[in-house]
Amino acid sequence: MNEECQTSQAGRTAGQPNTLSRRAALRLGLGGAAGCLLADKLALPTLATARQATAKSVIQIWMWGGPCHLDTFDPKPDAGNDYAGPFTKPLATNVAGVRVCELLPLLAKQADKYSLIRSMSHGNNGHETASYIVQTGRASGGREVFPGVGAVVSLLKGYDAGYHGLLPPYIVLTEVQGRFSEAGFLGSRHKPFATGGDPGAQRFMVEGVIAPGISDERQKSRRELLRKLNTLEHAMKSDPNITALGKCQTEAYEMILGDAGKVFDLAQEKDELRERYGRNTFGQSCLMARRLVERGVPYVTINYKGWDTHKQHFQTMRRKLPELDKGLATLLDDLSQRGLLGSTIVWCGGEFGRTPKVQWEPPWNGGRNHFGKCFSALVSGGGFKGGQFLGASDKRGEEVAERLVHPSDLIGSMYELLGIDPEAKLPHPQGLDVRAVPSPGEGVKTGGLLREIMA
0 MNEECQTSQA GRTAGQPNTL SRRAALRLGL GGAAGCLLAD KLALPTLATA RQATAKSVIQ
60 IWMWGGPCHL DTFDPKPDAG NDYAGPFTKP LATNVAGVRV CELLPLLAKQ ADKYSLIRSM
120 SHGNNGHETA SYIVQTGRAS GGREVFPGVG AVVSLLKGYD AGYHGLLPPY IVLTEVQGRF
180 SEAGFLGSRH KPFATGGDPG AQRFMVEGVI APGISDERQK SRRELLRKLN TLEHAMKSDP
240 NITALGKCQT EAYEMILGDA GKVFDLAQEK DELRERYGRN TFGQSCLMAR RLVERGVPYV
300 TINYKGWDTH KQHFQTMRRK LPELDKGLAT LLDDLSQRGL LGSTIVWCGG EFGRTPKVQW
360 EPPWNGGRNH FGKCFSALVS GGGFKGGQFL GASDKRGEEV AERLVHPSDL IGSMYELLGI
420 DPEAKLPHPQ GLDVRAVPSP GEGVKTGGLL REIMA
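In this text, residue positions in the sequence shown follow numbering that gives the first Met the number 0: the first is 0, and each later residue adds one.
Here it is, written out as structure tokens:
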């Protein structure tokens, strides 16, 4: 964790005074999430953005492993058993002409709140490389390791850009993907804070905020003892570094014992609402994500595992799809009811789709493999229109038939809605000219921003 907590110099401006690093905070007694993350709040330069924002936050539902487009948002009931399998009765939604899988009845009733992109493509079938492409917009294999969307938002909408929240600007529920370096050349300062724990457990044990077996009363006693023993602070009250440390300590304990830390206490929500989300890790992660954006956190990722279905795909879908349906549909409705959907982008998808043709033979027994040629994504809120679908696949879901959408197109569209200029220059440690979205000179394919579904 110590290496994770070093402060990168990439986001600093020449001539700015040095600030208390995360490592220094740890050495001075601020452990866990508080010490690692709150030290970043002190005396940082402001980075301007160039566009008028409609969105303030992003909730990314990362369907790790790759969901099948045919069995979620792009059903092909007429393609035959070798393609559709048992899912031959797609549901009409509350938007004319839009259908989804028969196991998504709640999302069918919410289609007026989201747009479906049915023509995503990058052609890569490897988990690591495809994840990198979808989350950075760049091709893999070059010299540079580019930052993912969450890290760029952390840079351009986080502490460097005037974010004043006590909670970290980039949070992952509950563990980082681990397939690539999320922060890339931006450095560890813009890596996400992974909560650990399980939101679906009786108590959500957030790493560094909630300690197993230690009550709030004991934490308070520890804080009081530390204050009494801190003779250096008493002796050097006028020293600006000591003052900054004292402020950081106060905010750290606010995360642990104050109102900021209470955001992780899902017991504050009504049982009825928790049931609607689903009493499972994914459902409660969706509820947790809503609570975080309600507090102003710019970027939240739900790392939603279980979609790498090489074997017995349809058996897995009968478990996963109702869980997705309940959690995501309730999230969209809850955000809408609270007036947050207009300022929150919800992005749901994975690194690729899955092979349209089912592998019935052993050992797959009805499995689907990796498929990067054509897949789907769902976007909602924050300036994306509801009740739309963009692009189309062919009759078997094997090829993009119209309006090819590359990952960089979607990423650039989200940046613009967030008020981030897609041409914004990112601070590269060697001073290279790197933009938020790849330029044509980088050789990255593009179909253009998604103006058709942007309000």
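From the three backbone atoms N, C-alpha and C, an ideal C-beta is built for every residue, glycine too.
Can you give the Cα-Cα distance for residue i and residue j, rounded to whole angstroms?
i: lysine 88; j: isoleucine 344; result: 30 Å
i: leucine 266; j: arginine 273; result: For clarity, residue 266 is alanine in the given sequence; the question names leucine instead. Going from the Cα of alanine 266 to the Cα of arginine 273 covers about 9 Å.
i: glutamate 271; j: leucine 103; result: 21 Å
i: arginine 367; j: proline 167; result: 38 Å
i: alanine 47; j: phenylalanine 145; result: Bear in mind that a pLDDT of 44 at alanine 47, under 50, signals an unreliable position, so the number given afterwards is only what the model happens to contain. Each residue's alpha carbon lies about 21 Å from the other.
i: glycine 447; j: alanine 52; result: 19 Å
i: valine 436; j: glutamine 314; result: 39 Å
i: lysine 304; j: glutamine 59; result: 13 Å
i: asparagine 364; j: tyrosine 82; result: 14 Å
i: glycine 31; j: phenylalanine 192; result: A caution first: glycine 31 carries a pLDDT of 49, below 50, which makes its placement in the model unreliable, though a value can still be read off. In a straight line, the C-alpha of glycine 31 is about 10 Å away from that of phenylalanine 192.
i: aspartate 159; j: glutamate 360; result: 54 Å
i: valine 443; j: alanine 138; result: 7 Å
i: methionine 316; j: leucine 69; result: 11 Å
i: glycine 440; j: aspartate 432; result: 12 Å
i: arginine 402; j: glycine 430; result: 36 Å
i: alanine 328; j: glycine 177; result: 27 Å
i: threonine 128; j: glycine 348; result: 16 Å
i: tyrosine 457; j: aspartate 238; result: The question about residue 457 has no answer here: the residues shown for the chain are numbered 0 through 454.
i: alanine 182; j: proline 426; result: 12 Å
i: threonine 71; j: leucine 105; result: 13 Å
i: asparagine 279; j: valine 299; result: 18 Å
i: glutamine 336; j: serine 342; result: 13 Å
i: glycine 282; j: tryptophan 346; result: 16 Å
i: phenylalanine 203; j: tyrosine 162; result: 25 Å
i: glycine 96; j: phenylalanine 184; result: 44 Å
i: serine 187; j: lysine 394; result: 45 Å
i: histidine 312; j: valine 99; result: 18 Å
i: methionine 62; j: proline 428; result: 32 Å
i: isoleucine 419; j: valine 208; result: 31 Å
i: valine 292; j: lysine 310; result: 36 Å
i: arginine 458; j: leucine 389; result: Limits of the chain in this structure are 0 at one end and 454 at the other, which puts residue 458 out of reach.
i: leucine 334; j: glycine 277; result: 16 Å
i: glutamate 101; j: aspartate 73; result: 11 Å
DSSP state of residue i, grouped into three classes?
i: methionine 204; result: coil
i: leucine 115; result: strand
i: alanine 150; result: helix
i: tyrosine 162; result: coil
i: threonine 300; result: strand
i: leucine 90; result: strand
i: arginine 434; result: strand
i: leucine 425; result: strand
i: leucine 172; result: strand
i: arginine 395; result: coil
i: glutamine 51; result: coil
i: leucine 460; result: An answer regarding residue 460 cannot be provided, because it is not within the stretch 0 to 454 covered by the chain.
i: isoleucine 410; result: helix
i: glycine 28; result: Only weak support exists for where glycine 28 lies, its pLDDT of 42 falling under 50; the coordinates are left without a value.
i: glutamine 59; result: strand
i: glutamate 451; result: helix
i: phenylalanine 192; result: strand
i: phenylalanine 263; result: coil
Flag this pair as yes or no: are the beta carbons of residue i and residue j separated by less than 9 Å?
i: glycine 381; j: valine 57; result: yes
i: glycine 84; j: arginine 353; result: no
i: glycine 295; j: lysine 75; result: no
i: valine 478; j: glycine 199; result: Past the boundaries of the shown model lies residue 478; the chain is included only from 0 to 454, so the question cannot be answered.
i: isoleucine 116; j: leucine 409; result: yes
i: threonine 445; j: cysteine 67; result: no
i: methionine 453; j: glutamate 415; result: yes
i: leucine 340; j: serine 379; result: yes
i: alanine 78; j: glycine 396; result: yes
i: arginine 275; j: lysine 319; result: no
i: proline 406; j: methionine 119; result: yes
i: asparagine 93; j: valine 357; result: no
i: valine 148; j: glutamate 350; result: no
i: phenylalanine 86; j: threonine 194; result: no
i: proline 297; j: lysine 156; result: yes
i: serine 412; j: alanine 400; result: no
i: histidine 189; j: leucine 154; result: yes
Cβ of residue i less than 9 Å from any chain C Cβ?
i: valine 151; result: Absent from the structure is chain C; it holds one protein chain and no more.
What I want to know is whether the C-beta of residue i ends up closer than 8 Å to one or more non-hydrogen atoms of the ligand HEM.
i: glycine 386; result: Absence of the ligand HEM from the depicted structure is noted, as is the absence of any ligand whatsoever, leaving it without description.
Under 8 Å, with one C-beta from each stretch per pair, do the stretch 273-291 and the stretch 172-186 reach the 3-pair mark? yes
Just checking, does the stretch 105-121 make contact with the stretch 379-390 on the three C-beta pairs under 8 Å criterion? yes
Which ranges does the beta strand (DSSP E) cover as unbroken runs of at least 3 residues, wholly within the stretch 311-380, from first to last along the chain? 343-348, 374-379
Taking contact to mean 3 or more Cβ pairs, one atom from each stretch, closer than 8 Å, check whether the stretch 118-134 and the stretch 365-379 are in contact. yes
Where are the alpha helix (DSSP H) runs, 4 residues long or more, that stay fully inside the stretch 115-144, in chain order? 126-135
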